[in-house]
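A short write-up of the structure that comes next.
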Amino acid sequence: MTATADRARRWNRLLELLADAGRLSVEEAAARVGASPATIRRDFTALADQGLATRTHGGIVATAVAYDLPARYRGGAEEPKQRVAEHAAALIDPAEVVALNGGTTTTAVARALASRPDLPTSTDHELTIVTNALNIAAELVLRPHLRTICLGGLARRESYELHGPLAALALAELRLDTVILGVGAISAEGGAQCRHLDEAGINAEMVRRAHRVIVVATADKLNRTALARICPIDAIHVLVVDRDAAPAALAPIRDAGVEVHLV
3 MTATADRARR WNRLLELLAD AGRLSVEEAA ARVGASPATI RRDFTALADQ GLATRTHGGI
63 VATAVAYDLP ARYRGGAEEP KQRVAEHAAA LIDPAEVVAL NGGTTTTAVA RALASRPDLP
123 TSTDHELTIV TNALNIAAEL VLRPHLRTIC LGGLARRESY ELHGPLAALA LAELRLDTVI
183 LGVGAISAEG GAQCRHLDEA GINAEMVRRA HRVIVVATAD KLNRTALARI CPIDAIHVLV
243 VDRDAAPAAL APIRDAGVEV HLV
């Protein structure tokens, strides 16, 4: 694991612990994360600089409304999903305009993006995140080194995604470099798919407005089908998937011209 990936994973774990406890001491965090007190002190300072915590004597306390999000989105991602998220986040140039739809994988990508230590702090070159997911926007808006744009619309309780004509109107005014797309299923025949027609519409609009489409998925998504198609396979440039993906499922996706990253 690279130093950057290790730091991102450690920060995500610290935020998860902070969400549960409300405060952390250096000693407790060092024991829970398995890092030295000196490393934890540096991490605490970095998290405070990003507006994610308030530094105290000997520790940090939570300051963010995002800590009140439901556990499904607040908790840490399992290992394959985390590997996918960290790899996808590393593909993004710090000056890009990046769109993220809702879901647990894209939420993990958002956290990995926000934890990258190489992001510029200048407002002239800051990374811009466009999302229709309320939970992603609630977390990223607290990061002063990011610009966060949340699309309007009707909210779906199951995924925190905003959809409908208001979201489409807002998206029509924006230019996107890359969309990082979470899916319910993906195949060469069916393309990128999701479970709900209303979500498919706004996700498809993100794809149409982006110069690059990166699908993030765990291996199980290659063995499924879903109700609504977001886009055909030839609209996808990169698929980031964990290494448990079946070669037989990946072969036709590669043959369709998609660059597959196994992580």
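Counting with our numbering, you get residues 3 to 265 for the letters of the sequence shown. Cβ atoms here follow ideal geometry from the backbone N, Cα and C, with glycine treated the same way. Remember, it's a predicted structure, so these values are computed and weren't measured experimentally.
What distance in whole Å lies between the Cβ atoms of Leu178 and Met208, which are believed to be in contact at a cut-off of 8 Å? 7 Å
Per the contact definition of three or more C-beta pairs closer than 8 Å, is the stretch 193-212 in contact with the stretch 227-240? yes
Would you mind stating whether Gly2 and Val218 have Cβ atoms separated by less than 9 Å? Because the chain is modelled from 3 through 265, residue 2 falls outside the range shown and cannot be assessed.
Please classify Ser161 as buried or exposed, where buried requires at least 16 other C-beta atoms within 10 Å of its C-beta. buried
Taking a contact to mean a Cβ-Cβ separation below 9 Å, would you say Cys233 touches Val215 in this structure? yes
Assign Leu156 to one of two classes, buried (16 or more other C-beta atoms within 10 Å of its C-beta) or exposed (fewer than that). exposed
Out of Gly60, Thr56, Arg9, Arg256, state which residue places its alpha-carbon closest to the alpha-carbon of Val28. Gly60
Does the stretch 89-98 come within contact of the stretch 166-177, defined as at least 3 CB pairs closer than 8 Å? No contact exists between the stretch 89-98 and the stretch 166-177.
Cut-off 8 Å between Cβ atoms - residues of its own chain near Ala73, not counting five sequence neighbours on either side: Bear in mind that a pLDDT of 49 at Ala73, under 50, signals an unreliable position, so the model cannot answer this.
Tell me whether Pro280 is buried or exposed, calling it buried when 16 or more other Cβ atoms sit within 10 Å of its Cβ. No information on residue 280 is available, as it lies outside the stretch 3 to 265 that the chain covers here.
Note the first and the last residue of the continuous beta strand (DSSP E) segment covering Asp179. 178-184
Val58 to Asp22 span [Cα, whole Å]: Note that residue 58 is Thr in the sequence shown here, rather than Val. Each residue's alpha carbon lies about 18 Å from the other.
Between the alpha carbons of Ala48 and Lys83, how many angstroms are there, rounded? 24 Å
Burial state of Gly105, where buried means 16 or more other Cβ atoms lie within 10 Å: buried
Where do the N-terminal and C-terminal ends of the beta strand (DSSP E) with Leu26 fall, by residue? 25-27
Report the residue from Ala187, Ser189, Ala101, Asp45 whose alpha carbon sits nearest the alpha carbon of Thr180. Ala101
Which term fits Asn225, buried or exposed, when burial requires 16 or more other beta carbons within 10 angstroms of its beta carbon? exposed
Contact defined as beta carbons within less than 8 Å: I believe Val35 pairs with Arg15. What is the distance between those atoms, to the nearest angstrom? 6 Å
Through-space distance from Arg256 to Leu115, alpha-carbon basis: 26 Å
Rounding to the nearest angstrom, what Cα-Cα distance links Gly166 and Gly203 in this structure? As the crow flies, the alpha-carbon of Gly166 is around 8 Å from that of Gly203.
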